[in-house]
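Novice: Heads up: the sequence shown begins at 175 in my numbering, then just goes up one per residue. Yeah, the Cβ is synthetic: ideal placement off N, Cα and C, and Gly gets one too. Source: prediction; values computed, not measured. Quick one: the structure is below, and I'll ask about it shortly.
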Amino acid sequence: MVQRKMLSGLFSQLADKSSGFEKSKKQRIAQFLDAVFVCMALGIANLLRLSAVDLSQLWPVFLLLPFVTVLLFQRMGVYNMVIRFSGMDELAPLMKGVVMSSILLLVVQHLVAPDPNPRSIFIIYGLVLVFFCAGARHLWKWLASDAKNVAGEPIAIYGAGALGRQVMQICRSGLDYRPVVWLDDDKKMHGRVLSKAKVFDPKDPATPDALKRLGIETILMAIPSVSSGHMKQLLESLRNFDCRVQTLPSIDDIMANRVTTRDAKTLPLEELIGRQQVAPDMDLMCKNVTGKVVMVTGAGGSVGSELCRQILPLKPTALILFDVSEAALYQIESDLKLLCKQSGSIPVHCILGNVIFKDEIKHTVGTYAVQTLFHAAAYKHVPMVESNPQPAIRTNIFGSLSAVEAAIEHQVENFLLISTDKAVRPTNVMGATKRVAEMVVQAKAALGNGATQFSIVRFGNVIGSSGSVVPKFSEQIESGGPVTVTHEHIVRYFMSIPEAAQLVIQASSLCKGGDVFLLDMGQPVQIADLAKSLVYLHGKTLKDEDNPKGEIEILYTGLREGEKLYEELLIDETAQATAHPKISRAKEGFIEWPELNQVLQQFEAAMKANPDDEMVEQLRSVVIGYKPNRFARPKVVPICDKTTVPELVD
C-alpha cells in the first residue's frame, strides 16, 4: 500500500510537470519515444524470426525507418491527440500509421537487403510497434489518472451518459475532483457500477444521506440538452442534497488547456430562469454589418463589448470601438485580438473619446466613413445616476444628440440607440434621461432630411452585466451571507448578454425609420426566488422562520431611490410583430424637434446653473409618467413657453 502511494505520488508529480509543458515540447518527447519504439520493434521482429539482427545490412533501415514513421504519424494526426483524454477512437490514426510503416519496411528492406526475408517479419514488426506505441500511451494515461484519482474533492456527476463519461474522464485526469458516484434518472442504470463509480437514483430519499457519508459536497451537471422546464425540476429535486451544483467549462477548452476543472462554476442563470434562446437569423445579423464599417460607442461596457464580439465574426470591413474608459477599451481590444485569429484579419480601431464632445465623435465617424453605428454609451447604474443627475443628462441625452448629429452629418446608413425598459414610466433619473434620448432619435428621424435610418431597441436586465445581482448574490453567499434583496416582491426580466447583442443587431436590420423595437424578455423573475435558488446551488441551507438554524439568510433592505417593483417595455401598451419572433415594434409618441430643441436648451441652461433638483424637475415636466423618487423638490419650473407638457406626436 505504501509502495502504491509512493508510485502514485511519483506519477502525480510527473503528470503535473508534463501538463505544464508546451504542446510542441510534448510532441517532441512523443516523437522521440516513437522513434525508439520503431527501432525496438524492428530489432525484436528480426530476433523472433531470424534469431539475429544483421546490422551490416540493416543499419540504413534503422536510420531511415524511425524518421519516416514519425513523419507518417505526424501526417496521420497522432501527435495532435491529448493522451489523457484519448480513447479507442484515437487508436485509428495510430493503426493507420503502423500499417504504412510496415509497408515501408517491406519496401526499404527489399531495396537494402535484396535477399528474401520472411514476410512474417513485417507482421511481427507491426504488432510489436502497436504494442509499444499504444501500450505506452495507455500506460501513461492509466498511471497519471490513477495517481491523481487518490486526491481531489469527492464529487457526484449527474448524468451517466456519453457526456457524463467525458466529464468523469476529465475529472480523473486532474487533481481537483475525484468522481465517486453517478446520479441518473434512468432506472435501468440504478445500482450499476460504471468506471468504478456506483449509479444512484437522485429521487431516492436515501441518496442525500449516502452522498453525505461519502463526503460529497459538489454535484457536477453533465446533461447535454434538456428543456428549461426539466432543468428547473432537476434543480428543485437537488435542494435536499446540501451540495453545490456546478457545471464545467467547455470540454473543448479543457482539452485545449485554455481552462481547467478548477474553473467549474455555478450553473448559468439561463438554466435557473429557464430562458430558451432562439437561434439568430443570419440574414438579419449580416445585413447591416457584413462588408460595412461598423462603429460601437460605449464599446467597453457590458452590452457594447458583447456587440463587438458578435459583430467581428460577421466580417465587417472595419470595426470602430469608441469609449471614454481606456481600461475597458484595452480589455475589449485584447478580447477581439483573439477573435481576429478565428475570424480573419479585420481592422479594429480603438478610439478613446467621449460622446459628450461633438467634435470628437463627428471626427471619428467622418474619418472612418462609418456606415452602421450602434450607440451604447450611457450611464446606467440607477443609484449612482440618481445621485449624479447632471453627468447622466450630459451623457445620456446630449451624448446621444452628438451621436445622432454625427450620423446625419456624415450620412451614416444605420443608427441604433440602445435603450432600457426603465425608460417606460420611469421612477429614476437614468430611465428619464434614456426616454429623452429616445425622443431625440425619434424627433431627428421624423425630420427625414438625411440618408440615415434611425431605430431604438429597448430591453431589460442582462445577465452578467456590470452591477448584475447574480455575481453580487454569489459573493454574499460565499462570504456567509446575508443575501440582500431590496424587496420581497421585486421582479425583473433577464436576458443573457450574447442573446441581447444578437437581437440588437437583428433589430437594426428591421428598421423602417424611427422605430422603437422591444425585445421579448420572457417571463419576469422574482428576485427573492432567484436568491433562494442560488443559496441552494451553492450547497447552503436557507435560514428563515421554517429553518432558523440555516446557513444563509435573505435580508430585505427596502427599495432604493428610483427603483421600481417591476419594469415595463411599453408606454402605450401596443406593439406589432416583426419578422423575428423575439422582436416587436412599438408606436411611441414623441416631441417634435422644434419643441424638443427648446427643452434641450433649457437643460443646458440648468446644467450651467448646476441645481440638481431643477434638472430633475425639468425631466419630470417633459417625460410622460416620470415620477421622481429622490427627495422633496421645489416648485416645478416650466421648461417651455407652455405651462403644460409639450404635445406628443403619434
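#1: Can you check which of these residues, Lys270, Arg413 and Val452, is closest to Pro885 by C-alpha distance?
#2: Who are the Cβ neighbours of Cys482 in its own chain at under 7 Å, not counting the five residues just before and after it?
#3: Can you tell me whether Lys723 is helix, strand or coil according to DSSP?
#4: Where Phe633 and Ser653 are concerned, what is the direct C-alpha to C-alpha distance, given to the nearest angstrom?
#5: Can you give, in chain order, each stretch of the beta strand (DSSP E) that sits fully within the stretch 643-718 and has at least 3 residues?
#6: Who are the Cβ neighbours of Gln697 in its own chain at under 6 Å, not counting the five residues just before and after it?
#7: Are the CB atoms of Ser629 and Asp720 within a distance shorter than 8 Å?
#8: Answer with buried or exposed for Arg366, where buried requires no fewer than 16 other C-beta atoms within 10 angstroms of its C-beta.
#9: Which same chain residues end up closer than 6 Å to Gly389 when comparing Cβ atoms and leaving out the 5 residues on each side of it in sequence?
#10: Quick one: what's got a C-beta closer than 7 Å to Cys814's C-beta in the same chain, skipping five residues either side?
#11: What's the gap between the Cα of Ile298 and the Cα of Ala219?
#12: Which residues mark the beginning and the end of the alpha helix (DSSP H) in which Val341 is found?
#13: Among Val252, Ser294, Leu303 and Ala266, which one has its Cα closest to the Cα of Ser275?
#14: Just checking, does the stretch 707-723 make contact with the stretch 787-795 on the three C-beta pairs under 8 Å criterion?
#15: In angstroms, rounded to a whole number, what distance separates the CA positions of Glu778 and Val419?
#16: Tell me whether the beta-carbon of Ile525 lies closer than 8 Å to the beta-carbon of Thr538.
#17: Using alpha carbons as the reference points, say which of Val556, His312, Leu412 and Gln776 lies closest to Val603.
#18: Rounded to the nearest angstrom, how far is the Cβ of Val477 from that of Ala550, given a contact under 8 Å?
#19: Please confirm whether Thr541 and Phe589 have their CB atoms less than 8 Å apart.
#20: Please classify Asp497 as buried or exposed, where buried requires at least 16 other C-beta atoms within 10 Å of its C-beta.
#21: Applying the criterion that 16 or more other CB atoms from any shown protein chain within 10 Å of the CB defines a buried residue, is Lys608 buried or exposed?
#22: Of all the options Glu587, Glu649, Leu238 and Leu711, which has the alpha carbon lying nearest to the alpha carbon of Gly687?
#23: Need the endpoints of the alpha helix (DSSP H) that Arg794 sits in, please.
#24: In or out: Leu237 buried (at least 16 other Cβ within 10 Å) or exposed?
#25: Does the Cβ of Ala321 have 16 or more other Cβ atoms within 10 Å, making it buried, or fewer, making it exposed?
#26: Under 8 Å by Cβ, that's how I've got Ile679 and Ala705 pegged, so tell me the actual separation to the nearest angstrom.
#27: Using DSSP with H/G/I as helix, E/B as strand and the rest coil, what is Phe805?
#28: State the CB to CB distance for the pair Ser574 and Leu591, rounded to an integer number of angstroms; the pair is presumed to be in contact (CB under 8 Å).
#29: To the nearest angstrom, how far is the alpha carbon of Leu239 from that of Phe247?
#30: Put Ser369 into one of helix, strand or coil per three-state DSSP.
#31: Quick one: grab the DSSP three-state call for Phe589.
#32: Pick out the complete alpha helix (DSSP H) segments inside the stretch 517-581, 4 residues or longer, and give them in chain order.
#33: Inspect the beta-carbon positions of Leu385 and Ala334 and report whether they are closer than 8 Å.
#34: Going by beta carbon distance, what residues of the same chain come within less than 6 Å of Ile393, once the five residues before and after it are set aside?
#35: Thr752 to Val468, Cα distance in whole Å?
#36: Given a cut-off of 8 Å, decide if Ala380 and Pro353 are closer than it, judged by their beta-carbon atoms.
Specialist: Let's see:
#1: The shown model of the chain, from 175 to 824, leaves out residue 885, and the question about it has no answer.
#2: Val470, Ala473, Leu493, Leu495, Ile506 and Leu510
#3: coil
#4: 32 Å
#5: Complete beta strand (DSSP E) runs here, min 3: 657-659, 668-670 and 689-693.
#6: none
#7: The answer is no: Cβ separation not under 8 Å.
#8: Around the beta carbon of Arg366, fewer than 16 other beta carbons sit within 10 angstroms, so the residue counts as exposed.
#9: Pro328
#10: Unreliable positioning characterises Cys814 in this predicted model, as indicated by a pLDDT of 39, which lies under 50. A coordinate reading is not provided.
#11: 5 Å
#12: Ala336 to Arg346
#13: Leu303
#14: no
#15: 53 Å
#16: yes
#17: Val556
#18: At roughly 5 Å, the Cβ-Cβ gap stays under 8 Å, so Val477 and Ala550 are in contact.
#19: no
#20: buried
#21: buried
#22: Glu587
#23: Here the alpha helix (DSSP H) through Arg794 covers Asp786 to Val796.
#24: The residue is exposed, with fewer than 16 neighbouring Cβ atoms inside 10 Å.
#25: Reliability of the predicted coordinates at Ala321 is poor, the pLDDT of 48 falling under 50, and the value obtained from them is presented with this limitation in mind. With 16 or more Cβ atoms within 10 Å of its Cβ, Ala321 is classed as buried.
#26: Their Cβ separation, rounded to whole angstroms, is 32 Å, which puts Ile679 and Ala705 out of contact at 8 Å.
#27: Note that Phe805 scores a pLDDT of 43, beneath 50, so its modelled location is shaky; the value from the coordinates is reported in the next line. Three-state result, Phe805: coil.
#28: 6 Å
#29: 12 Å
#30: coil
#31: strand
#32: 532-541, 556-561 and 563-566
#33: no
#34: Ala330, Tyr332, Cys417 and Val419
#35: 24 Å
#36: no
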